[in-house]
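Structure first, then comments.
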Amino acid sequence: MSIKVKNISKIYGSQKALNNISFEINRPEIVGFLGPNGAGKSTMMKILTTYINPSEGEAEVNGYNVLTDTKNVQKSVGYLPEHNPLYLEQYVREYLSFNANVYNVDKSRVDEVINLTGLTPEAHKTIGQLSKGYRQRVGLANALLHNPEVLILDEPTTGLDPNQLIDIRNLIKSLGKDKTVFLSTHIMQEVEAMCDRVIIINKGEIVANKKLKEMRDGQEQIVIVEFDYRVEDAFLLKLPNAKSVKNTHDFIYEITFSTSEDMRSHVFDFAHDNQLKILQLNQKNASLESLFRELTA
Ligand code: ADP
Ligand code: MG
7 MSIKVKNISK IYGSQKALNN ISFEINRPEI VGFLGPNGAG KSTMMKILTT
57 YINPSEGEAE VNGYNVLTDT KNVQKSVGYL PEHNPLYLEQ YVREYLSFNA
107 NVYNVDKSRV DEVINLTGLT PEAHKTIGQL SKGYRQRVGL ANALLHNPEV
157 LILDEPTTGL DPNQLIDIRN LIKSLGKDKT VFLSTHIMQE VEAMCDRVII
207 INKGEIVANK KLKEMRDGQE QIVIVEFDYR VEDAFLLKLP NAKSVKNTHD
257 FIYEITFSTS EDMRSHVFDF AHDNQLKILQ LNQKNASLES LFRELTA
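Quick note: the sequence shown uses my numbering, first residue 7, plus one each step.
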């Protein structure tokens, strides 16, 4: 069990930031923690990395309890905080060597993580000379120094330009091949681009916990078709995965399918087999984006 969260709540003064949250991450996978600003993402991540204590509930990382086994939890996780504090006048290699010392990690590991995060061409520069994308790599390299099993990355792609975004996404995806990655974001597309699973949090509560594949499979799609002649609704319902039919205007029909597979070619074949002509054919997809908006509305 990589991460186990059971009935966690966190109250700051009078504000409940997390309300009875539970979830598990069982094996090396990339899980996105998605929610709007203020949802409680960073709070949950700070609890999992032992920076703050929960008000109630229990959490384990790599089998170690965050309250009673903090040292082992810290050994098990690499953490990239939301506002990663970096000393701009420090050189990349100097910064990583310093932290290797703090963590009691062999010096040879510094060059390994520089390599792993694609920092080699920039390693001789000061952190202040680096672009935001490369600074983020320094943060990732730092999180990887002690070769942890679990990576907890708080908004690792926020504020990057489109090219940097693609590079960091690819880097995280490659790290996720043999580590459990738990990353937060407020952008649905980031989850679609990187994650195997998404846990959606809103106002301190979990509103969805699903494999991306299941989310796509669970989706509906509407095909709008205009024929040159009237067709019985019941007849259209014979189409594979057809759930409902609405005759919106003259010979225009809105067919809802319970699949994300593009059903237009089926509608086309249907028309052909039944000597109907198609005057227009369009597909509307309920995207993950709209699902996220619905869930967090
Ligand atoms: P997210 O990372 O999803 O944007 P946070 O976990 O940072 O959300 O914050 C969740 C809620 O808790 C927010 O309403 C925030 O204002 C509040 N909060 C976070 N940290 C503190 C703190 N140290 N003291 C008081 N309230 C806080
Ligand atoms: Mg945050």
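Glycine included, C-beta positions come from ideal geometry on N, C-alpha and C.
{"Item": "Other residues of its chain near I228: CB distance less than 6 Å, five sequence neighbours each side excluded", "Value": "E260, T262, K290"}
{"Item": "Which residues DSSP lists as bridging I158, in chain order", "Value": "Y85, F188"}
{"Item": "Cβ neighbour criterion (16 or more within 10 Å) applied to Y70", "Value": "buried"}
{"Item": "Cβ pair V83, V108 closer than 8 Å", "Value": "no"}
{"Item": "Buried versus exposed call for N153 [16 or more other C-beta atoms within 10 Å across all chains shown]", "Value": "exposed"}
{"Item": "Q135, DSSP secondary structure in three states", "Value": "helix"}
{"Item": "heavy atom of ligand 2 below 7 Å from S103 C-beta", "Value": "no"}
{"Item": "Inter-residue spacing [alpha-carbon to alpha-carbon] between L166 and K217", "Value": "26 Å"}
{"Item": "Residue span of the beta strand (DSSP E) that contains K10, given as start and end", "Value": "9 to 18"}
{"Item": "Cutoff 6 Å; reference E196; Cβ partners in own chain excluding five residues on either side", "Value": "T163"}
{"Item": "Counted within 10 angstroms of its Cβ, other Cβ atoms place F5 as buried (16 or more) or exposed", "Value": "One cannot answer for residue 5 here, as it falls past the ends of the chain, which runs 7 to 303."}
{"Item": "Same chain only: Cβ atoms within 7 Å of H272, ignoring 5 sequence neighbours per side", "Value": "L245, P246"}
{"Item": "Residue range of the beta strand (DSSP E) that includes E30", "Value": "21 to 31"}
{"Item": "Contact test: D256 Cβ vs ligand 2 heavy atom, cutoff 7 Å", "Value": "no"}
{"Item": "Ligand 1 heavy atom lying under 7 Å from the CB of A214", "Value": "no"}
{"Item": "Cβ distance (whole Å) where K12 is taken to contact G63 below 8 Å", "Value": "6 Å"}
{"Item": "Same chain, Cβ closer than 8 Å to R33, neighbours up to 5 away in sequence not counted", "Value": "S8, T186"}
{"Item": "Contact test: K209 Cβ vs ligand 2 heavy atom, cutoff 7 Å", "Value": "no"}
{"Item": "Cβ-heavy atom distance, T49 to ligand 1, below 7 Å", "Value": "yes"}
{"Item": "As assigned by DSSP and simplified to three states, the class of Q255", "Value": "The amino acid at residue 255 is misidentified as Gln; the sequence shows His. In this structure, H255 counts as strand in the three-state DSSP scheme."}
{"Item": "First through last residue of the beta strand (DSSP E) which encompasses E196", "Value": "Unbroken run through E196 is the alpha helix (DSSP H), 194 to 200; no beta strand (DSSP E)."}
{"Item": "Extent of the continuous beta strand (DSSP E) run through K216", "Value": "211 to 217"}
{"Item": "Near ligand 1: N43 beta-carbon under 7 Å from a heavy atom", "Value": "yes"}
{"Item": "Integer-rounded CB distance, given that Q96 should sit under 8 Å from T49", "Value": "About 29 Å separates the two Cβ atoms, so there is no contact after all."}
{"Item": "Identity of the residue in Q225, Q281, L282 nearest E267 by Cα", "Value": "Q225"}
{"Item": "Member of L92, T56, V111, L86 whose CA lies at the smallest distance from the CA of E161", "Value": "L86"}
{"Item": "Three-way DSSP call (helix, strand, coil) for Q286 in this model", "Value": "strand"}
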